[in-house]
Amino acid sequence: MKGQVMMKAIRVLYYISLSVSMLVGLWHFFVPRLFRWYDYLPMQYENLIVGIDYTNYCFSALLFGISLVLIILGKSAFSFNRETIIFYTFLTAVWVFRACLAVFIEPWPLEPVPAVAIGQLVASVLLAIMMVIVSLSLWWASR
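To convert, take the position in the sequence shown, counting from 1, and add 11; that gives this note's numbering.
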């Protein structure tokens, strides 16, 4: 009984973490315009702007797509399919890396809105912790 309740909680965390990750990927498509990235770059560096755009759009598409695929593969993950668990663990590593950047490297200028920077820091750390819990639980249950 206790094991079933725990696995239900892990399942909820699985879907919440992937939904948040997918929404971050979708949101990131609009970040350059929302935060006016181009105002900070000299327009004569067109190659730099194109490179930043390509990097951002590819990252956004991958984050959104991987999260969506893992949502679709949810049943497979809880059937303890090794490949699906590896795939989820990879996305977990991406978020842990992101959280470490936010915590250990000066990740965020507090200007113009400090609350947004601090909110991103806290959210990325919480999401990484949630995903680590799910990954470890899936690996533990699949042994």
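From the three backbone atoms N, C-alpha and C, an ideal C-beta is built for every residue, glycine too. A quick note: this is a predicted structure, and the numbers were derived from the prediction, not measured.
Within 10 angstroms of its Cβ, does residue i collect 16 or more other Cβ (buried), or is it exposed?
| i | result |
| --- | --- |
| Y99 | buried |
| Y25 | buried |
| A156 | The structure shown has nothing for residue 156, since the chain only spans 12 to 154. |
| I129 | exposed |
| L52 | exposed |
| L59 | exposed |
| L74 | buried |
Are the beta-carbon atoms belonging to residue i and residue j less than 9 Å from one another?
| i | j | result |
| --- | --- | --- |
| I27 | P43 | no |
| R93 | S153 | yes |
| G85 | L29 | yes |
| L138 | V31 | yes |
| V114 | L132 | yes |
Please work out which residues of its chain come closer than 6 Å, Cβ to Cβ, to residue i, disregarding the five sequence neighbours upstream and downstream, and give them in chain order.
| i | result |
| --- | --- |
| S2 | This structure leaves residue 2 out entirely; the chain is present only between 12 and 154. |
| H39 | S71 |
| I82 | L29 |
| A110 | S135, V136, A139 |
| Y56 | none |
Who are the Cβ neighbours of residue i in its own chain at under 8 Å, not counting the five residues just before and after it?
| i | result |
| --- | --- |
| W48 | V42, I63 |
Item to check | Three or more C-beta pairs below 8 Å linking the stretch 135-154 and the stretch 98-116 | outcome: yes
Checklist entry - Are the stretch 19-32 and the stretch 57-73 in contact at 8 Å, needing three or more beta carbon pairs? => result no
Checklist entry - Does the count of Cβ pairs from the stretch 70-79 and the stretch 33-41 closer than 8 Å reach three? => result yes
Next on the checklist: Suppose only complete runs of 4+ residues qualify. What are the alpha helix (DSSP H) ranges in the stretch 59-119, listed by chain order?
Outcome noted: 85-88, 93-115
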